[in-house]
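Everything on this sheet refers to the single structure shown next.
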Ligand SMILES: *[C@@H]1O[C@H](CO)[C@@H](O)[C@H](O)[C@H]1NC(C)=O
Ligand SMILES: *[C@@H]1O[C@H](CO)[C@@H](O)[C@H](O)[C@H]1NC(C)=O
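Written as structure tokens, this is what we have:
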């Protein structure tokens, strides 16, 4: 029993050394990255999970990118969704869920990348397995005048 405790302590210590600022052995790290290619308009976005609010961001030509990182088990209960706004268009979708976990997975422990490119005609996701950008969503013409602060957790 004492030996087992010793072995486990060593393993835990090694794990901590190996994984400074990292996810634990049982989970992997993911990074969600957005870049806007829309030159003449601001793109506003707000991303949330049940217990994490990434906040309100504005992407434009002087500040075209944003990203955040987190840890998730492969079993994948983590869900992040985002709302996006432009003057005449909006959209919202899951950026991380059980489907996306395998689409983003690059077999790395850290920073498996969910990479999104926001263009005038829609949202493109980088498929790491085929190394191609795939258009995944269009922009919707705005139907409501809801302000960003009026949106709460969806669905
Ligand atoms: C980009 O957005 C930021 C934050 O709203 C703003 O301060 C800045 O002036 C904008 N830049 C351009 C080029 O519109
Ligand atoms: C996960 O999100 C993607 C992209 O938004 C969507 O296509 C897919 O249907 C979602 N999967 C589940 C299980 O909700």
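Residue numbers (my numbering): 47 to 201. Don't be surprised by glycine CBs; every beta carbon is placed ideally from N, CA and C. Being a predicted model, the structure only gives us computed values, none of them experimental.
Closer than 8 Å to a non-hydrogen atom of ligand 1 - does that hold for the CB of residue 83? Checking the Cβ of residue 83 against ligand 1 gives no.
Considering only the beta carbon of each residue, do residue 158 and residue 152 sit closer than 9 Å? A contact, by the Cβ cut-off of 9 Å.
Quick check: what's the CA-CA separation for residue 132 versus residue 103? Going from the Cα of residue 132 to the Cα of residue 103 covers about 12 Å.
Any contact of the stretch 91-98 with the stretch 177-184, i.e. 3+ C-beta pairs under 8 Å? Output reads no: the stretch 177-184 does not touch the stretch 91-98.
Is residue 140 buried or exposed, if buried means 16 or more other CB atoms sit within 10 Å of its CB? Residue 140 should be labelled exposed.
For residue 71, is the classification buried or exposed, using 16 other Cβ atoms within 10 angstroms of its Cβ as the cut-off for buried? Result: exposed.
Closest by C-alpha distance to residue 188, when choosing among 135, 154 and 125: Closest option to residue 188, judged by alpha-carbon separation, among 135, 154 and 125: 135.
Could you give the distance in angstroms between the alpha-carbon of residue 183 and the alpha-carbon of residue 169? If you take the alpha carbons of residue 183 and residue 169, they lie about 5 Å apart.
For the alpha helix (DSSP H) containing residue 148, list its first residue and its last residue. First-last of the alpha helix (DSSP H) with residue 148: 144-150.
Give a yes or no on whether the C-beta atoms belonging to residue 164 and residue 114 are separated by under 9 Å. By the CB criterion at 9 Å, residue 164 and residue 114 fall outside the cutoff.
Is residue 108 near residue 74, with beta carbons less than 9 Å apart? No, these two residues do not count as a Cβ contact at 9 Å.
Starting from the N-terminal end, write out each residue whose C-beta falls within a distance shorter than 7 Å of any non-hydrogen atom of ligand 1. One residue list follows from the rule of a beta carbon closer than 7 Å to any heavy atom of ligand 1, given in chain order as 88, 104, 106, 107, 108 and 109.
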